[in-house]
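*Asks:* My structure is below; once you've seen it, I'll send some questions.
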Amino acid sequence: MSNSVSETATTDAAWSFRGYEMVVGLEVHVELATRTKLFSASPNRFGDEPNTNIDPVTLGLPGALPVLNRQAVELAMRLGLAVNCTVQRSTFARKNYFYPDMPKAYQISQYDEPICVDGWLDLPDGFRVGIERAHLEEDTGKSTHVGGTGGRIHGSDHSLIDFNRAGVPLVEIVSRPDMRSPEQAKAYVNELRAILVAVGASDAKMEEGSMRVDANVSVRLPGAEFGTRCEIKNVNSVRSVGRAIEYEAQRQVGMLEAGEPIRQETRHWDETDGRTHTLRSKEDADDYRYFQEPDLVVVDPDPEWIERVRYSLPVLPAARRIHLAEATGQRPDAEAILVVTDRDQDAYVLAVAAAGGDAGRALVHVKEAFADEGERPSVPAAALATLTRMEVDGELTATQAKQVLAELVAGGGGDARAIAAAKGFEAMDTSELETMVDEAIAAQPDAWAKYCAGEAKAMGALVGAVMKASKGQADGKAVTALLERRRDT
Amino acid sequence: MANDSATDIAWNVRNNVVSATDVVEQHLAEIDRRESEIHAFNLVLADEARARAAEIDDAVAVGRDPGPLAGVPIALKDNMCTRGIPTTCSSKILDGWKPPYDATVVTKLREAGAVVIGKTNLDEFAMGSSTENSAFGPTRNPHDTSRVPGGSSGGSAAAVAAGFSALSLGSDTGGSIRQPAALCGVVGVKPTYGAVSRYGLVAFASSLDQIGPFANTVADASLLLEVISGHDPMDSTSIRQGPLDITGQLDFGVIGLRVGRITDLPEGASPDVVERMEQAFEALRDAGAEIVDVEVPAFTYGLTAYYLIAPAEASSNLARYDGVRFGHRVEAPDTNAMYMATRTDGFGAEVKRRIMLGTYALSAGYYDAYYGRALKVRRRIAADFAAAYERADVLLTPASPTVAFHLGDKTSDPMSMYLCDTYTIPSNLTGDPGMSVPFGTGDDGLPVGVQVLAPALQEATMFRTAAELERRAPK
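Below is the structure:
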């Protein structure tokens, strides 16, 4: 599998369908990992008994007032600075609408003055996606509609509301409409998730709902103006992001080709039938009657606070990938780089290199063998360093190295050299190997003739014979090289 | 006894001269005697008040000091949350709701040794100027029960005027403390916005609402304001400073003080009120103040801006009364129908009028022309007042254009009712403090109130001026 490291996750391959291109912008909501809610002291905790993490503010009781959570502001700043945004003076507004799980009948959200603006995020292949804004807002409660069909409020017998989630701090990150393919959209979501986790802003779990993605999709002929967009909701996994966008773009192209206009609307992604369905059209949209929230004051982080947050940010995934790529001679978007960095095992690979090991071989081994290990694999870096050294020095073949590594993993470490010796792995001396090659040629003159005549397939039989004679200990590459030398002389 | 000042009651109770129990009984007796005629209260808390008075007497008996308001009976406007005690806002929609928490002012009163004697009537959700917009019927003016006490804090003003309680709290969004104080002949104060916590005050218009005291004397009002003011971490708009410090300066006089007369004040005050105003300026001049003319050109636009901003905020603040979680609910086949039936049945006409006004003012396509423009006017008014305060330390205006009017006089004409707040509204828009102090009588021997206005956090100067007017008031 050593060739897998050269596979890349390049996303710039243009998506095109009957001559149309897609234009995608994403709105990502993430729940911030604060101890308490955005405007009250109730715990921000997932999975508790319904209606236990509540208080007068959460329930919107008369007379209760919101008080902004400083930790939420700081986490929003961490995220914003990590995606190259400017942190600015910001305000809160009220978004007014009636819904039973919205206790005050308005959501407190940042509207025309968000805390973070004008940033960007680079995908692993270097493609840059602009970020328009990232703003703070409160989550709603959770409704469960009992009876009726499809879990919708209409036609249900009654509804249950859990207000534990009401008031949980959210950040909404709005990208610019820069993406042109499902792959780019998926890579964006993955990258954003990695950043959110790295800076400690959120656990960003789509399956638990702590990260939710809405996709704005339109299509156009290259060079034309933006088309009418539809907003896709209920996209609950990275895979669905790709599927929903692909479906929606094709649907829109189909409409245009049939001469039908695209209506601006909100559409619901149905995971089971793999389609999007109309949820509400623009004409049905509420008039939210935004106005500045009079119960809160302006949030204007002073420059000192902003700088303190900036300097407290960890090294971000993109920089870590570049570092690892340079150390291992790979592209930053090589699959092994992505996988190992995502597992937070990049520092370990670098530690193996620092201990005298071969970074490239270490990267391969870590990717292949340490999927179940965490940030700090049980095999000491020095042990893996020794193993990779033996490999590059020709003391072990790739196959042998794998076997030794398996022992190291099973034992949580050990002496690679001793394990190799115990297994009888010794570098085969060249004359011994030459003898085996000559014997294989003599034993299969037909294969040899075909091989010399240019039939590459015939080589397999010859190499196989040598491997058999060596009981699998011969280095496949060395055998091939010897065969070529015999043929060419 | 029922006419003793709060300052005297507290001194006597703290020093074991009288018992809190006796004080409470005297006031309950007064309530028994006249409440059926006045209807100041939505709820009289006789048992609770007796129990609290006994606690205070016990504390005094063992040598503990119950605090600066020891044993003083106080009435709360029924839009302030009291734990476990119904808080109605004089609205059907809050039927049966008992708050699970106390407003910050209620906590502070308890800590100061005050005795809450009842919850007072108001215009529904504090929307009105006569206390006639109450779901529980109107309150009447103790000076003439055929007349209104003013509003919206009419119950609180009447309670003090009738001797039902030595002190009371009201809330003032456009004049709802100062105007009823004037009509009932008591002292009423709207403090600087943010000086008193709004936590637990049921919101009408959040950027304008402020809790403040009613009292029989300027000194009593000062004592109460000192107790309830100060930063509250539960209210983000609360000013970050300690309690106001006023009482010590009440007797400083007004020598050298620049008292502003607004030359372009909107007209409309009746002749009896205008005459008392002239006497008030003269009294202060006699006391050594300098009377200066100032202009506040935008003053006159206050009413218009107010009737866009206040309803806009109210339309949002009152959206939570949806029948889902608490209060009144009218069952209906689906959620939207339940919302509509509940709100149609639960809110009174004036509240509905303002919700519709505010919803319209904030709507897409109208925001800039109405709400947005009103905000600009608000800034302009603030700038005009700031300029006036360059030349004057305080300003004097009538608190109300007229003395108390008869019940029913203005109920059919909302605009005439809105004009009651002409002189009080601007200080809500600017956030500056204002107070009404009784200054003689007008037509039919009814009380007239003079309004003293001051810049933000200059309560001490404002009270000093009011104290001088109180000393020099016509008998």
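Note that the protein sequences, when read in sequence, are chains A and B. Heads up: the first sequence at position 270 corresponds to 270 in my numbering, and the numbers run straight through without jumps. Just so we're on the same page, my numbering is the position in the second sequence counted from 1, plus 1000. Beta carbons: idealized from backbone N, C-alpha and C, even for Gly.
Checking contacts by CB at 8 Å: is Lys-104 of chain A closer than that to chain B?
*Replies:* Judged by the 8 Å Cβ criterion, Lys-104 of chain A is in contact with chain B.
*Asks:* Could you name the residues of chain A that Cys-1081 of chain B contacts, counting a contact when the two beta carbons are closer than 9 Å?
*Replies:* Per Cβ cutoff of 9 Å: Pro-56, Leu-61, Pro-62, Gly-63, Ala-64.
*Asks:* By the 10 Å Cβ neighbour count, where 16 or more other Cβ atoms means buried, how is Ser-1156 of chain B classified, buried or exposed?
*Replies:* Buried: at least 16 other Cβ atoms inside 10 Å.
*Asks:* Would Pro-377 of chain A pass as an interface residue toward chain B - the criterion being a Cβ-Cβ separation below 8 Å?
*Replies:* Not an interface residue.
*Asks:* Can you pull the chain A neighbours of Gly-1200 of chain B, defined as C-beta to C-beta under 7 Å?
*Replies:* In chain order: Gly-63.
*Asks:* Among A:Ala-334, A:Arg-320, A:Pro-377, whose alpha-carbon lies nearest the alpha-carbon of Tyr-348 of chain A?
*Replies:* Per the Cα distances, A:Pro-377.
*Asks:* Only counting runs of 3 or more residues, tell me where the beta strand (DSSP E) segments fall wholly within the region 1408-1441 of chain B, in order along the chain.
*Replies:* You should have 1434-1441.
*Asks:* State yes or no: is the beta carbon of Leu-1257 of chain B nearer than 8 Å to at least one beta carbon in chain A?
*Replies:* Not one chain A Cβ lies under 8 Å of Leu-1257 of chain B.
*Asks:* Touching or not, the region 1393-1401 of chain B and the region 1241-1260 of chain B, by the rule of three or more beta carbon pairs under 8 Å?
*Replies:* These segments touch.
*Asks:* Within the same chain, show all residues whose beta-carbon is closer than 6 Å to that of Thr-1139 of chain B, passing over the 5 residues directly before and after it, in chain order.
*Replies:* If we look at Thr-1139 of chain B and ignore the five residues flanking it on each side, its Cβ neighbours are His-1039, Ala-1040, Asn-1121, Thr-1131, Pro-1149, Gly-1154, Gly-1155, Ala-1158.
*Asks:* Decide if Tyr-1371 of chain B is buried, meaning its Cβ has at least 16 other Cβ atoms within 10 Å, or exposed.
*Replies:* When all chains shown are included, Tyr-1371 of chain B counts as buried.
*Asks:* What would DSSP say about Lys-1119 of chain B, mapped onto helix, strand or coil?
*Replies:* It is a strand residue.
*Asks:* Can at least three beta-carbon pairs, one atom from the region 29-47 of chain A and one from the region 121-140 of chain A, be found at a separation below 8 Å?
*Replies:* Segments in contact, yes.
*Asks:* Going along chain B, which residues have a C-beta under 8 Å from Asp-491 of chain A?
*Replies:* Only positions 1 to 489 of chain A appear in this structure, which leaves residue 491 of chain A out of reach.
*Asks:* So within the region 1263-1319 of chain B, which uninterrupted alpha helix (DSSP H) runs reach at least 4 residues, ignoring any that extend past its ends?
*Replies:* Here the runs fully enclosed are 1271-1286, 1302-1317.
*Asks:* Measure the C-alpha to C-alpha separation of Lys-402 of chain A and Ala-381 of chain A and round it to an integer number of angstroms.
*Replies:* Each residue's Cα considered, the two are about 16 Å apart.
*Asks:* Ordered along the chain, which non-local residues of its own chain (more than five positions away) have a Cβ less than 7 Å from that of Val-309 of chain A?
*Replies:* Cβ neighbours of Val-309 of chain A beyond the five flanking positions: Glu-74, Met-77, Arg-78, Leu-81.
*Asks:* Give the interface partners of Leu-296 of chain A over in chain B, defined as CB-CB distance under 9 Å, in chain order.
*Replies:* Within chain B, the residues near Leu-296 of chain A are Ser-1236, Thr-1237.
*Asks:* Report the three-state DSSP secondary structure of Leu-1169 of chain B (helix, strand or coil).
*Replies:* Residue state, collapsed to three classes: strand.
*Asks:* Which class does Ser-1236 of chain B belong to by DSSP, given the choice of helix, strand or coil?
*Replies:* Reduced to three states, the DSSP call for Ser-1236 of chain B is coil.
*Asks:* The alpha helix (DSSP H) that contains Asn-1336 of chain B, what's its start and end?
*Replies:* Looking at the DSSP string, the run of the alpha helix (DSSP H) that includes Asn-1336 of chain B is 1335-1346.
*Asks:* In chain A, what lies closer than 9 Å to Arg-1325 of chain B by C-beta?
*Replies:* Within chain A, the residues near Arg-1325 of chain B are Leu-59, Gly-60, Leu-61, Pro-100, Pro-103, Ile-161, Phe-163.
*Asks:* Taking Gly-1323 of chain B as the reference, give the member of B:Thr-1344, B:Pro-1311, B:Ser-1316, B:Thr-1304 with the closest Cα.
*Replies:* Considering only alpha carbons, the answer is B:Thr-1344.
*Asks:* By a C-beta neighbour count over all protein chains shown, 10 Å radius and 16 as the cutoff for buried, is Asp-1220 of chain B buried or exposed?
*Replies:* Asp-1220 of chain B should be labelled buried.
*Asks:* Looking only at its chain, what residues have a beta carbon closer than 6 Å to the beta carbon of Glu-375 of chain A, apart from the 5 residues adjacent to it on each side?
*Replies:* Once the five neighbours on either side are set aside, the close Cβ partners of Glu-375 of chain A are Asp-344.
*Asks:* Residues of chain A with CB closer than 8 Å to the CB of Pro-1401 of chain B, please, in chain order.
*Replies:* Near Pro-1401 of chain B there are no residues of chain A at all, since even the closest Cβ is about 28 Å away, more than 8 Å.
*Asks:* Would you report the Cα separation of Ile-1056 of chain B and Pro-1066 of chain B, rounded to the nearest angstrom?
*Replies:* Roughly 6 Å between the two C-alpha positions.
*Asks:* For Arg-89 of chain A, is the classification buried or exposed, using 16 other Cβ atoms within 10 angstroms of its Cβ as the cut-off for buried?
*Replies:* Exposed is the call here.
*Asks:* Which residues in the same chain have their Cβ closer than 6 Å to the Cβ of Ala-1046 of chain B, if we skip the five residues on either side of it in sequence?
*Replies:* Closer than 6 Å at the Cβ level, and outside the excluded window around Ala-1046 of chain B, lie Leu-1028.
*Asks:* Rank A:Tyr-20, A:Gly-414, A:Arg-229, A:Gly-394 by C-alpha distance to the C-alpha of Ala-383 of chain A and give the top, closest one.
*Replies:* Ranking A:Tyr-20, A:Gly-414, A:Arg-229, A:Gly-394 by Cα distance to Ala-383 of chain A puts A:Gly-414 first.
*Asks:* Between Leu-1225 of chain B and Pro-1180 of chain B, how many whole angstroms is the CB-CB distance? I'm expecting something under 8 Å.
*Replies:* Rounded, the Cβ-Cβ distance is 17 Å, inconsistent with contact.
*Asks:* In whole angstroms, what separates the C-alpha of Asp-162 of chain A from that of Ile-54 of chain A?
*Replies:* Roughly 9 Å between the two C-alpha positions.
*Asks:* Assuming the contact rule is C-beta atoms closer than 8 Å, Ala-1473 of chain B and Asn-1141 of chain B should be a hit. Round their C-beta distance to whole Å, please.
*Replies:* The pair is not a contact, with the Cβ atoms about 19 Å apart (cut-off 8 Å).
*Asks:* Indicate whether Leu-1469 of chain B and Val-1448 of chain B have their beta-carbon atoms separated by less than 8 Å.
*Replies:* Contact flag unset, no.
*Asks:* Do we get a CB-CB distance below 8 Å when we pair Gly-19 of chain A with the residues of chain B?
*Replies:* Not closer than 8 Å to any Cβ of chain B, the Cβ of Gly-19 of chain A fails to qualify, so no.
*Asks:* Strictly under 8 Å for the Cβ-Cβ distance: is Asn-69 of chain A near chain B by that measure?
*Replies:* Output row for Asn-69 of chain A: interface = no.
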